[in-house]
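Worksheet: the structure to be examined is printed underneath.
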Amino acid sequence: MENCFEICPRHALHAKTLGFTHPLSGMEMNFESPLPNDMAQLVDRWRSYTAGRRMA
1036 MENCFEICPR HALHAKTLGF THPLSGMEMN FESPLPNDMA QLVDRWRSYT
1086 AGRRMA
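For the sequence shown, my numbering assigns the number 1036 to the initial residue and increments by one for each residue that follows.
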C-alpha cells in the first residue's frame, strides 16, 4: 500500500457532526462537515487494500 502520509500528511481526525448547547442562549447548535478530500482518498485506498485481504 502506498505510504499513507503521502496522501494525508496530517492527523486523520475528523468530526462529521458536532453539537452542543450554546452557553448563553441555551439553543442547540449542530454542525455537519463532509470528509475532506485527502481523507476520503485515504479511506477509499484503505478499503481497496483491505478488500483483497478478507478471508472467505
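Ideal placement from N, C-alpha and C gives every residue a C-beta, glycine not left out.
On a predicted model such as this, the values are computed, not experimentally measured, just so you know.
Span separating the alpha-carbon of residue i from that of residue j
i     : j     : result
L1053 : N1065 : 6 angstroms
T1056 : P1069 : 22 angstroms
R1088 : W1081 : 11 angstroms
T1085 : M1074 : 16 angstroms
H1049 : S1060 : 27 angstroms
P1058 : N1072 : 33 angstroms
First and last residue of the uninterrupted alpha helix (DSSP H) at residue i
i     : result
L1077 : 1072-1086
Spatially closest choice to residue i from the options, by CA coordinates
i     : options             : result
R1045 : W1081, L1077, R1088 : L1077
Beta-carbon separation (whole angstroms), residue i vs residue j, contact threshold 8 angstroms
i     : j     : result
K1051 : E1063 : Contact doesn't hold; Cβ gap of about 17 angstroms is too wide.
Limits of the beta strand (DSSP E) - the one that residue i falls within
i     : result
L1053 : 1052-1056
N1065 : 1063-1067
Residue-chain proximity (residue i, chain C), Cβ-Cβ < 9 angstroms
i     : result
E1063 : The question asks about chain C, but that chain is absent: this structure has only one protein chain.
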